[in-house]
Structure formats: C-alpha cells, structure tokens
Amino acid sequence: MPQWVIASVFGVLALCAAWGIYSSYSTGTVYGELSQYSEDREPTAFFMVVLGKVLALIFCLAIALHAVGILTTDPIAEIKHWLPWLPDRRY
Numbered sequence: 000m001p002q003w004v005i006a007s008v009f010g011v012l013a014l015c016a017a018w019g020i021y022s023s024y025s026t027g028t029v030y031g032e033l034s035q036y037s038e039d040r041e042p043t044a045f046f047m048v049v050l051g052k053v054l055a056l057i058f059c060l061a062i063a064l065h066a067v068g069i070l071t072t073d074p075i076a077e078i079k080h081w082l083p084w085l086p087d088r089r090y
C-alpha cells in the first residue's frame, strides 16, 4: 500500500480521535452504544474512555508520521518489542 494512503487514512483517524476528545470535554459526557458516562457522575469511567481516545490519537499520529518519514522508528515494531506475547504473524 502506498505511504500516502497510510498517512492519509491514519491522519483522518487522528482527526476523528481529536474531535472525539474535544467533544467529550466540551460536553462533559461520553456516549457509547450501550452506555453514557458523565464527568460528574462517573469520573473514572469518563477518564478511561477519554484516555482510550488519547491513546488512539497517539497511535494514529505515530503511524502517520512514520508513513511520511518523520518518525524513523516503526510504531508496530516498538509495540511488539514492549509486548512480546503478541503474535508475530501478519495476515
């Protein structure tokens, strides 16, 4: 797959994650398919959902920067290095 396609797709995903973080903090509520967490009533669950969005944002930015050539280290290889129990095969 061309590098510009990878950078474009993960760039759009990073923008979506950033928009999700912004909307979560501006409304103070995170909506899911089966649940709704408010910053006032369930602060731990709200924080965990926003933390997941931040981690997705960081991952998408790392993949996009690697595809463009700014980041020299492969993020997938680093994750595999730090989490050795993950499978080696790529399908």
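The numbering of the sequence shown is numbering that gives the first Met the number 0, which starts it at 0 and goes up by one.
Backbone N, C-alpha and C define an ideal beta-carbon position, used for all residues, glycine too.
Inset, instruction - Report the residue ranges of all beta strand (DSSP E) runs contained in full by the stretch 18-64; include only those spanning at least 3 residues, in chain order. - result: List check, beta strand (DSSP E) in window: 28-30 and 35-37.
Legend entry - Cβ-based neighbour list, D39, same chain, cut-off 6 angstroms, excluding 5 preceding and 5 following: No residues qualify anywhere along the chain.
Legend entry - Segment limits, alpha helix (DSSP H) that includes P74: Where P74 is concerned, the enclosing alpha helix (DSSP H) stretches over P74 to W81.
Legend entry - Helix, strand or coil at L12 [DSSP, three-state]: L12 falls in the helix class under three-state DSSP.
Legend entry - L50 classed as buried or exposed, judged by whether at least 16 other C-beta atoms fall within 10 angstroms: By the 10 Å Cβ count, L50 comes out exposed.
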